[in-house]
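A.B. asks:
There are 2 protein chains.
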Amino acid sequence: MQITGDMLIGGAAVRGKAATLRAFDPVRNTDIEPAFGAGDAGDVDRACQLAQQTFDVFRQAPLEQRARLLEAIGEQIAALGDALIERAHIESALPKARLEGERARTIGQLKLFAALVRDGRWLTATLDSAQPERKPLPRPDLRLQKIPVGPVAVFGASNFPLAFSVAGGDTASAFAAGCPVVVKAHPAHLGTSELVGRAIAQAVAECGLPAGIFSLVIGAGNAVGEALVAHPAIKAVGFTGSRGGGIALMNIAARRREPIPVYAEMSSINPNFVLPGALAARGEAIAAGFVDSITLGVGQFCTNPGLLVALEGPHLKAFVDAAAKALEKKGAQTMLSAGIASAYRDGISRRLAVEGVQRIGEGAAGGTPNAALPALFATTQSQFLAQPPLEDEIFGPTSLIVTCKDIDEMVRLAEHVEGQLTATLHLEQEDHALAQRLLPTLERKAGRILANGFATGVEVAHAMVHGGPFPATSDSRSTSVGTLAIERFLRPVCYQDLPAALLPQAVHDENPLGLWRLRDGAFERR
Amino acid sequence: MQITGDMLIGGAAVRGKAATLRAFDPVRNTDIEPAFGAGDAGDVDRACQLAQQTFDVFRQAPLEQRARLLEAIGEQIAALGDALIERAHIESALPKARLEGERARTIGQLKLFAALVRDGRWLTATLDSAQPERKPLPRPDLRLQKIPVGPVAVFGASNFPLAFSVAGGDTASAFAAGCPVVVKAHPAHLGTSELVGRAIAQAVAECGLPAGIFSLVIGAGNAVGEALVAHPAIKAVGFTGSRGGGIALMNIAARRREPIPVYAEMSSINPNFVLPGALAARGEAIAAGFVDSITLGVGQFCTNPGLLVALEGPHLKAFVDAAAKALEKKGAQTMLSAGIASAYRDGISRRLAVEGVQRIGEGAAGGTPNAALPALFATTQSQFLAQPPLEDEIFGPTSLIVTCKDIDEMVRLAEHVEGQLTATLHLEQEDHALAQRLLPTLERKAGRILANGFATGVEVAHAMVHGGPFPATSDSRSTSVGTLAIERFLRPVCYQDLPAALLPQAVHDENPLGLWRLRDGAFERR
Chain D
27 MQITGDMLIG
37 GAAVRGKAAT
47 LRAFDPVRNT
57 DIEPAFGAGD
67 AGDVDRACQL
77 AQQTFDVFRQ
87 APLEQRARLL
97 EAIGEQIAAL
107 GDALIERAHI
117 ESALPKARLE
127 GERARTIGQL
137 KLFAALVRDG
147 RWLTATLDSA
157 QPERKPLPRP
167 DLRLQKIPVG
177 PVAVFGASNF
187 PLAFSVAGGD
197 TASAFAAGCP
207 VVVKAHPAHL
217 GTSELVGRAI
227 AQAVAECGLP
237 AGIFSLVIGA
247 GNAVGEALVA
257 HPAIKAVGFT
267 GSRGGGIALM
277 NIAARRREPI
287 PVYAEMSSIN
297 PNFVLPGALA
307 ARGEAIAAGF
317 VDSITLGVGQ
327 FCTNPGLLVA
337 LEGPHLKAFV
347 DAAAKALEKK
357 GAQTMLSAGI
367 ASAYRDGISR
377 RLAVEGVQRI
387 GEGAAGGTPN
397 AALPALFATT
407 QSQFLAQPPL
417 EDEIFGPTSL
427 IVTCKDIDEM
437 VRLAEHVEGQ
447 LTATLHLEQE
457 DHALAQRLLP
467 TLERKAGRIL
477 ANGFATGVEV
487 AHAMVHGGPF
497 PATSDSRSTS
507 VGTLAIERFL
517 RPVCYQDLPA
527 ALLPQAVHDE
537 NPLGLWRLRD
547 GAFERR
Chain R
27 MQITGDMLIG
37 GAAVRGKAAT
47 LRAFDPVRNT
57 DIEPAFGAGD
67 AGDVDRACQL
77 AQQTFDVFRQ
87 APLEQRARLL
97 EAIGEQIAAL
107 GDALIERAHI
117 ESALPKARLE
127 GERARTIGQL
137 KLFAALVRDG
147 RWLTATLDSA
157 QPERKPLPRP
167 DLRLQKIPVG
177 PVAVFGASNF
187 PLAFSVAGGD
197 TASAFAAGCP
207 VVVKAHPAHL
217 GTSELVGRAI
227 AQAVAECGLP
237 AGIFSLVIGA
247 GNAVGEALVA
257 HPAIKAVGFT
267 GSRGGGIALM
277 NIAARRREPI
287 PVYAEMSSIN
297 PNFVLPGALA
307 ARGEAIAAGF
317 VDSITLGVGQ
327 FCTNPGLLVA
337 LEGPHLKAFV
347 DAAAKALEKK
357 GAQTMLSAGI
367 ASAYRDGISR
377 RLAVEGVQRI
387 GEGAAGGTPN
397 AALPALFATT
407 QSQFLAQPPL
417 EDEIFGPTSL
427 IVTCKDIDEM
437 VRLAEHVEGQ
447 LTATLHLEQE
457 DHALAQRLLP
467 TLERKAGRIL
477 ANGFATGVEV
487 AHAMVHGGPF
497 PATSDSRSTS
507 VGTLAIERFL
517 RPVCYQDLPA
527 ALLPQAVHDE
537 NPLGLWRLRD
547 GAFERR
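Residue numbers (the working numbering), protein chains in the order written: chain D, 27 to 552; chain R, 27 to 552.
So, in structure tokens, the structure goes:
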């Protein structure tokens, strides 16, 4: 499939006329052909109008057709073959093997949502029978199902050009819910975006669904994204990216005549608490795993462990030495984009300038102009609490070790940190009492709590939560990974005394869809 | 039980020192004793701190204890006896029989949430087994449950001094979720609020729960409510009231350092579509029901039918005549407060001044200084579309009949209106095709769709939705009535590879709580 540099608006290739953009190869530090035409608010309006016009048809199509769409998108992505991996590789500097894994994850995610659509639990079908004889007033017949909220705007992440981008979790869950999707292409992987966008458009056509349910727009600067979030047809937003970007979209959404929900996955430093028993028993092994985790994918994961907390003492000294030694072997590697590499260097400089912070380890220099030199810092708990900038996420292969004088300092630190995607405990049996003290706090602070592992690696599963209190995300009630993600794009509707002929299938007496339903308070599938 | 005029902060009576307030008797147009002491931001801070400090204990208490709390609140409210009804009657001018019904509804609602707590489906317990042999990477053990979001601020409604106030649906669902609650007393029923607040405090003590999980604060003006929504300990807001009030709280919540969700139920004109077959077959009966519905409770219901849409012609003429005649028999009745009565009169004056609007019927004048004279207006579809103020809710016993030239005008009007709590179809078998045309639009516009009835009367049930797209509410994904209301105050947490000894009971292998759970994708209770 050819990359043309066009937008895809309701299945049609549309040349953006507002500006010319090119993708960038961060390894060679050069632009990549071809040129892309960036669109304007008029293009956004056209895409959103088409999404609005096709919404009712899409949401009322049989669930089987919706499930097939998700599978067909996966098939079309697979059919792109090596061309997709090649393009994503030069646009992101991510290794091909990693991108192949990410493609498999993306296709697997689409299949999981297809199975979820067929299962139909998310419809929340609920029936409360009429009680015509009830006193003082008869009770009406009430039935409930969830329906999609409407067209969804999706902003992909730079760090997952496949799994969190054009056909990533936001798009998959929005389609699964029955929402048309308008994606704003990420400027760091425009070619990858177009290829995947074409795969989606082809799948939409193949499934006999209206072309307007999917568009991919390109923008230079922020105007196109802002117009998208502000458009009256858009009813929810999925975003993965920086805190500043997420907050900007939240503000636009809140200022609309009709405010809409924004699901922004933004920033997290994912604290790791190494409890004393674990530190004594296997500090060096934890240090090796920690350094692997902070440098994995050049540290470009939302779940990167940017903070590690432990008690001072000889075991911590050994831990720090082991971590520093392991880090020396990690070379500087190219980041996703020149902008991200530059932001990383700035972040490291700022951290070095903070009083009471020591650099305790560094990777091996070298690499390309956009490479990131891994770096490890240390400070004390009191310093960490006194210096709010130490809580800022530095996106890249770095972390901060915070030493606590005692358990109480560790508990206070846990209580002090902002909302997180994840929190991790490294513990042995003897640490359970301390873990019990920390857990209530960690539950309030994070969406996912791990033991004896690292949070880099987010399983796509029913029980996954990739979300958390602000600023980890804009909405702690939701997850952007796993099947619960569909709930972001649904709303309940109640039908009171509607004639059977007019009721949606999900709440027919005969249960033609074979759903699990709550009927007069009892959960059943019959 | 004595009304003292104190606030209740974590179980203690606290005299507010910022100002003195009195409740008002709208029938006699006079203040009611005793004086209430309004608090300040310091009192709010104390209440919120207590809520925060007791949150972990409350949420980790056994579900049975939480269920008992809800039942005990109902028992304590019942034990207040006639004193509660008397006080609510003089504060609201609502008839005693209506208040007795509302008390029964409030107690029934608490019982329903107690049953929901015991059922535990809302925990969303989910288990995905580890797959240690999976390639290329093993899959971790993942378990998920929902936990409460944190302390909740509740702002009750003037029009339901019991069912949507201190111990109403917001408080019941927040407690059911495990959230401490800080209520801002509604100034129109301060005495009722104190009585119910004392009942809650007594129930909290009786159940052995920490007193800090409930506070009732009093404010003069908006400062106390604003401080409450802005307080860092507060994690969600429940509000029922005006559009202006709801939007003000939404803005405060969005501007916080940590934005929080606001569930504001605000304004709705609840369109009724009388389809041609129904108009021909039983226009007069519908007219009588319509007039009963708009004047019920002096029209002071969120679900009052403020808009009725029908096709012009002889049947509509007969309908309008019947409605006007029925309205003549409805007397002016006292509204909830002097402010509401004055806003009603202003709304009626503004409506009369709109070009192309005719007053087609009026109730019987008389009554008290704060009585509302029922009024019925008519206009054309084109006029309605051209004059946005005609979509504004007038809170009180009034409605607007909009005549359409043809079916297309009716469909366009349905597409034109803002988000609603409810939409109603009056139809016969022969109207089904037209209903099918309207239904997709009504699903997008409203949270509840009724046939051949009136929306005044909101059943507390599993399948109820009392919510809808903005401006009906601030969050169309939620309902403030019915068991789904609990979802507003929950967020998911995932536990990855946590040792069994540290896992919450809901996701233990042995299912000690006997919950319905999703285990490796299969729904089961064993």
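Backbone N, C-alpha and C fix where the C-beta goes; we use that ideal spot for every residue, glycine too.
(1) Run down chain R in chain order and give the residues with a C-beta less than 7 Å from the C-beta of D/Met490.
(2) Would D/Trp148 pass as an interface residue toward chain R - the criterion being a Cβ-Cβ separation below 8 Å?
(3) Taking Cβ positions, are R/Phe554 and R/Leu106 nearer each other than 8 Å?
(4) Which residue marks the beginning of the alpha helix (DSSP H) containing D/Val143, and which one marks its end?
(5) May I have the straight-line CA-CA distance separating D/Leu149 from D/Leu378, to the nearest angstrom?
(6) R/Gln446 versus chain B: which residues are under 8 Å apart at the beta carbon?
(7) R/Ala49: which of R/Gln413, R/Gln455, R/Gly392, R/Ile244 sits nearest, CA to CA?
(8) Please report the distance separating the alpha-carbon of D/Arg376 from that of D/Ile366.
(9) Tell me where the beta strand (DSSP E) around D/Asp82 begins and ends.
(10) Can you tell me whether DSSP reads R/Asn298 as helix, strand or coil?
(11) Starting from the Cα of D/Val428, find the closest Cα among D/Gln79, D/Phe345, D/Gly36 and give me that residue.
(12) Could you confirm whether any beta carbon from chain R is found closer than 8 Å to the beta carbon of D/Gln413?
(13) Do R/Gly303 and R/Leu453 have their CB atoms nearer than 8 Å?
(14) So what's D/Phe345 in DSSP terms, helix, strand or just coil?
(15) What does the alpha-carbon distance come out to for the pair R/Leu153 and R/Lys210?
(16) Since R/Ser293 and R/Ala498 are thought to touch, with beta carbons under 8 Å apart, how far apart are those beta carbons, to the nearest angstrom?
(17) What residue does the alpha helix (DSSP H) around D/Val230 start on, and which one ends it?
(18) Which of the three DSSP states, helix, strand or coil, is assigned to D/Val383?
(19) Answer yes or no: does any C-beta atom of chain D fall closer than 8 Å to that of R/Ala459?
(20) How would you write the range of the alpha helix (DSSP H) that D/Lys471 sits in, first residue to last?
(21) Please list, in chain order, the chain D residues whose beta carbon lies closer than 8 Å to that of R/Val175.
(22) Between which two residues does the alpha helix (DSSP H) holding R/Ala401 run?
(23) Output needed for R/Val64: all residues of its chain with C-beta closer than 6 Å, excluding positions within five of it in sequence on either side, in chain order.
(24) Just the chain R side, please: which residues come within less than 9 Å of D/Arg131 by C-beta, in chain order?
(25) Note down the Cα distance separating R/Leu342 from R/Ala336, rounded to an integer number of angstroms.
(26) For R/Ile99 versus R/Ala73, is the C-beta spacing smaller than 8 Å?
(27) What does a CB cutoff of less than 7 Å around D/His257 pick up in its chain, not counting 5 residues either side in sequence?
(28) Since R/Leu76 meets chain D, which of its residues come closer than 7 Å, beta carbon to beta carbon?
(29) Whole angstroms is fine: what's the gap from D/Ala358's alpha carbon to D/Val317's?
(30) In this structure, does DSSP put R/Ser504 in helix, strand or coil?
(31) In this structure, what does DSSP give as the bridge partners for R/Ile29?
(32) Spatial neighbours of D/Ala198 within its chain, please: CB distance less than 7 Å, with the 5 preceding and 5 following residues excluded, ordered by chain position.
(33) Return helix, strand or coil for D/Pro559, following the three-state DSSP convention.
(34) Report yes if the CB atom of R/Leu254 is closer than 8 Å to the CB atom of R/Phe62, and no otherwise.
(35) Mind listing the chain R neighbours of D/Met276? Cutoff is C-beta to C-beta under 9 Å, in chain order.
(36) First and last residue of the beta strand (DSSP E) that includes R/Gln522?
C.D. replies: In short, the structure shows the following:
(1) Reading the first sequence from its first residue, position 464 is the one you call residue 490 of chain D. Within chain R, the residues near D/Met490 are Leu168, Cys520.
(2) Position 122 of the first sequence, counted from the first residue, corresponds to residue 148 of chain D. Not one chain R Cβ lies under 8 Å of D/Trp148.
(3) Since the first residue shown for chain R is 27 and the last is 552, residue 554 of chain R is missing from the structure and cannot be characterised.
(4) Counting from one through the first sequence, the residue named residue 143 of chain D turns up at place 117. Segment 122-145, the alpha helix (DSSP H) holding D/Val143.
(5) Working through the first sequence from its first residue, we reach residue 149 of chain D at position 123. Working through the first sequence from its first residue, we reach residue 378 of chain D at position 352. Each residue's alpha carbon lies about 52 Å from the other.
(6) In the structure shown, chain B does not exist; the protein chains are D and R.
(7) The sequence position of residue 49 of chain R within the second sequence is 23, counting from 1. It is R/Ile244 whose Cα lies nearest to the Cα of R/Ala49.
(8) The residue you call residue 376 of chain D lines up with position 350 of the first sequence. The residue you call residue 366 of chain D lines up with position 340 of the first sequence. Distance between the alpha carbons of D/Arg376 and D/Ile366: 15 Å.
(9) Here the question's residue 82 of chain D lines up with position 56 in the first sequence. From DSSP, D/Asp82 is part of no beta strand (DSSP E) but of the alpha helix (DSSP H) over 67-86.
(10) Counting from 1 along the second sequence, the entry for residue 298 of chain R is found at position 272. Of the three classes helix, strand and coil, the one that applies to R/Asn298 here is strand, per DSSP.
(11) Reading the first sequence from its first residue, position 402 is the one you call residue 428 of chain D. When only C-alpha atoms are compared, the closest one is D/Phe345.
(12) Translated into positions along the first sequence, residue 413 of chain D becomes position 387. Chain R contact via Cβ: absent.
(13) Position 277 of the second sequence, counting from 1, holds the residue named residue 303 of chain R. Position 427 of the second sequence, counting from 1, holds the residue named residue 453 of chain R. In contact: R/Gly303 and R/Leu453 (Cβ atoms closer than 8 Å).
(14) By 1-based counting over the first sequence, the position of residue 345 of chain D is 319. Correct three-state label for D/Phe345: helix.
(15) For this step, residue 153 of chain R is matched to residue 127 along the second sequence. For this step, residue 210 of chain R is matched to residue 184 along the second sequence. About 39 Å.
(16) In the second sequence, the residue the question calls residue 293 of chain R occupies position 267. In the second sequence, the residue the question calls residue 498 of chain R occupies position 472. With 8 Å as the limit, R/Ser293 and R/Ala498 qualify as a contact, their Cβ atoms being about 7 Å apart.
(17) Position 204 of the first sequence holds residue 230 of chain D. Counting along the chain, the alpha helix (DSSP H) containing D/Val230 begins and ends at 216-232.
(18) Here residue 383 of chain D refers to the residue found at position 357 of the first sequence. Here D/Val383 sits in coil by DSSP.
(19) As a first step, residue 459 of chain R must be located in the second sequence, where it is residue number 433. Not closer than 8 Å to any Cβ of chain D, the Cβ of R/Ala459 fails to qualify, so no.
(20) Taking the first sequence and counting its residues from 1, one reaches residue 471 of chain D at position 445. From DSSP, the alpha helix (DSSP H) with D/Lys471 extends over 458-471.
(21) For the purposes of this step, residue 175 of chain R is taken as the residue at position 149 of the second sequence. Ser502, Arg503, listed in chain order.
(22) The sequence position of residue 401 of chain R within the second sequence is 375, counting from 1. Segment 401-406 is the beta strand (DSSP E) holding R/Ala401; no alpha helix (DSSP H) there.
(23) Here residue 64 of chain R corresponds to residue number 38 of the second sequence, with the count starting at 1. Per the sequence shown, the amino acid found at residue 64 of chain R is Ala instead of Val. Gly42, Ala44, Ala45, Leu47, Ile244, Gly245, Ala246.
(24) For this step, residue 131 of chain D is matched to residue 105 along the first sequence. The premise fails here: D/Arg131 is roughly 11 Å from chain R at the closest Cβ pair, so nothing lies under 9 Å.
(25) Residue mapping note: residue 342 of chain R aligns to position 316 of the second sequence, counting from 1. Residue mapping note: residue 336 of chain R aligns to position 310 of the second sequence, counting from 1. Rounded to whole angstroms, R/Leu342 to R/Ala336 spans 7 Å at the Cα level.
(26) Looking up residue 99 of chain R in the second sequence gives position 73. Looking up residue 73 of chain R in the second sequence gives position 47. The answer is no: Cβ separation not under 8 Å.
(27) For the purposes of this step, residue 257 of chain D is identified with residue 231 of the first sequence, where counting begins at 1. Cβ neighbours of D/His257 beyond the five flanking positions: Val70, Asp71, Cys74.
(28) On the second sequence, position 50 is the one that residue 76 of chain R refers to. Those do not exist, as R/Leu76 stays about 16 Å from chain D at its closest Cβ, beyond 7 Å.
(29) If you number the first sequence from 1, residue 358 of chain D lands on position 332. If you number the first sequence from 1, residue 317 of chain D lands on position 291. Taking the straight line from one Cα to the other gives about 13 Å.
(30) Translated into the one-based positions of the second sequence, residue 504 of chain R becomes position 478. In this structure, R/Ser504 counts as coil in the three-state DSSP scheme.
(31) Sequence index remark: in the second sequence, residue 29 of chain R carries index 3 (1-based). The partner list for R/Ile29 (beta bridge, DSSP) is empty, contrary to what the question assumes.
(32) Locating residue 198 of chain D in the first sequence gives position 172, counting from the first residue. Apart from the 5 residues on each side of it in sequence, D/Ala198 sits with its Cβ closer than 7 Å to the Cβ of Leu96, Gln135, Leu136, Phe139 in its chain, given in chain order.
(33) Lying outside 27 to 552, the shown extent of chain D, residue 559 of chain D is not represented and no answer is given.
(34) Working through the second sequence from its first residue, we reach residue 254 of chain R at position 228. Working through the second sequence from its first residue, we reach residue 62 of chain R at position 36. Contact: no.
(35) Residue mapping note: residue 276 of chain D aligns to position 250 of the first sequence, counting from 1. Ordered by position in chain R, the residues that pass the 9 Å Cβ test against D/Met276 are Ala280, Pro285.
(36) Position 496 of the second sequence, counted from the first residue, corresponds to residue 522 of chain R. Its beta strand (DSSP E) spans residues 516-522.
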